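A short write-up of the structure that comes next.
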Amino acid sequence: MCSPLDNYLTSVIFNKVNEVAPNIHLIFKASLNQNTEHQLRYQEIEFVVGYEEFRRPEFACVPLFKDEMILVASCKHPRISGPVTEADIYREEHAVVALDRYASFSLPRYSSVNKQTQIAYQGNAMVSVLNVVSQTHMVAIAPRWLASEYAEKLNLQLLPLSLKVNNRTCFFPA
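Below, the structure written as structure tokens:
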């Protein structure tokens, strides 16, 4: 289960399996790595739920759902207080999930050098990113469901993402 989906799906899956088959012992790991395809192929792991589509003939990647992406900023951000353009978004400093992590959640949004130069913080998990955003003038691109969960507690404002693609598909490789 990749981050940030682990926050959303782990308890749902764990509780449902426990309800239906209480003698099944589940072990969740909230990360992907370069060996994930190998581990799936040789049944070292049973399944993966994540934002990366496995594009190999031996896997059929089933789209599960699309997450709406939004812009997140502190309610105290001096320049962000309403709808913003793409140019406005990339003028701000950004907090992201580390781009060098395998299957980084943030990488697709920072494909160009110009966009990467705006990155001021790279964390290991989206929850850490939201926490940093809440205490700085940085912004982040995050799934609406996760940002909504922390918005009140962290004093975050959630804004529509004015980009051509404002969603991420979650996949289940089978």
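Mapping the sequence shown onto full-length UniProt numbering, position 132 (from 1) lands on 132, and the numbers just tick up by one. Backbone N, C-alpha and C fix where the C-beta goes; we use that ideal spot for every residue, glycine too. The structure presented is a predicted model; accordingly, all values stated were derived computationally and were not measured.
Buried or exposed by the 16-neighbour rule on C-beta atoms within 10 Å, applied to V49: On the sequence shown, position 49 is the one that residue 49 refers to. Burial call: buried.
Sequence ranges, alpha helix (DSSP H) only - wholly within the UniProt domain "LysR substrate-binding" (8 to 163), length at least 4: Fully enclosed alpha helix (DSSP H) runs of 4 or longer: 36 to 41, 86 to 89, 113 to 116, 126 to 134 and 144 to 154.
Spatially closest choice to M69 from L146, L154 and A151, by CA coordinates: For this step, residue 69 is matched to residue 69 along the sequence shown. Cα-wise, what sits closest to M69 is L146.
Alpha-carbon spacing of S111 relative to M138, whole angstroms: Along the sequence shown, one-based indexing puts residue 111 at 111. Along the sequence shown, one-based indexing puts residue 138 at 138. Rounded to whole angstroms, the separation of the alpha carbons of M138 and S111 is 19 Å.
Buried/exposed call for E86, threshold 16 Cβ in 10 Å: On the sequence shown, residue 86 is found 86 positions in, with the first residue counted as 1. So E86 ends up on the exposed side.
Chain-order list of residues whose beta-carbon lies under 8 Å from that of F14 (same chain, five-residue window excluded): Start at 1 with the first residue of the sequence shown, and residue 14 comes out as number 14. If the five residues before and after F14 are omitted, its C-beta is found closer than 8 Å to the C-beta atoms of L26 and F28, all from its own chain and listed in chain order.
CB contact flag (residue 222, L99, <9 Å): One cannot answer for residue 222 here, as it falls past the ends of the chain, which runs 1 to 174.
Test item: CB-CB of A151 and M126 under 9 Å: Numbered from 1 along the sequence shown, position 151 holds the residue referred to as residue 151. Numbered from 1 along the sequence shown, position 126 holds the residue referred to as residue 126. No, the Cβ-Cβ distance between A151 and M126 is not below 9 Å.
Exposure of E58, with buried meaning 16 or more beta-carbon neighbours within 10 Å: Here residue 58 corresponds to residue number 58 of the sequence shown, with the count starting at 1. E58 should be labelled exposed.
Outcome for E44 when other beta-carbon atoms lying within 10 angstroms are tallied against a minimum of 16: Here the question's residue 44 lines up with position 44 in the sequence shown. By the Cβ neighbour-count rule, E44 is exposed, with fewer than 16 other Cβ atoms within 10 Å of its own.
Distance between beta carbons of S148 and P83, contact taken as under 8 Å: One-based indexing of the sequence shown puts residue 83 at position 83. One-based indexing of the sequence shown puts residue 148 at position 148. Between P83 and S148, the beta carbon gap of about 18 Å keeps them out of contact (Cβ cut-off 8 Å).
Per DSSP, the bridge partner or partners of N166: For the purposes of this step, residue 166 is taken as residue 166 along the sequence shown, with counting starting at 1. According to DSSP, which records beta bridges pairwise, N166 is partnered with nothing at all.
Cutoff 7 Å; reference E37; Cβ partners in own chain excluding five residues on either side: As a working mapping, residue 37 is identified with position 37 in the sequence shown. Within the same chain, E37 has close Cβ partners F54 and R56.
Buried/exposed call for E46, threshold 16 Cβ in 10 Å: Start at 1 with the first residue of the sequence shown, and residue 46 comes out as number 46. Residue environment: E46 is assigned as exposed (fewer than 16 neighbouring CB atoms within 10 Å of its CB, all protein chains considered).
V133 vs S74 beta-carbon contact at 9 Å: The residue given as residue 133 occupies position 133 in the sequence shown. The residue given as residue 74 occupies position 74 in the sequence shown. Cβ distance < 9 Å, so V133 and S74 count as in contact.
CB contact flag (P173, A60, <9 Å): Looking up residue 173 in the sequence shown gives position 173. Looking up residue 60 in the sequence shown gives position 60. In this structure, P173 sits near A60, with a CB-CB distance shorter than 9 Å.
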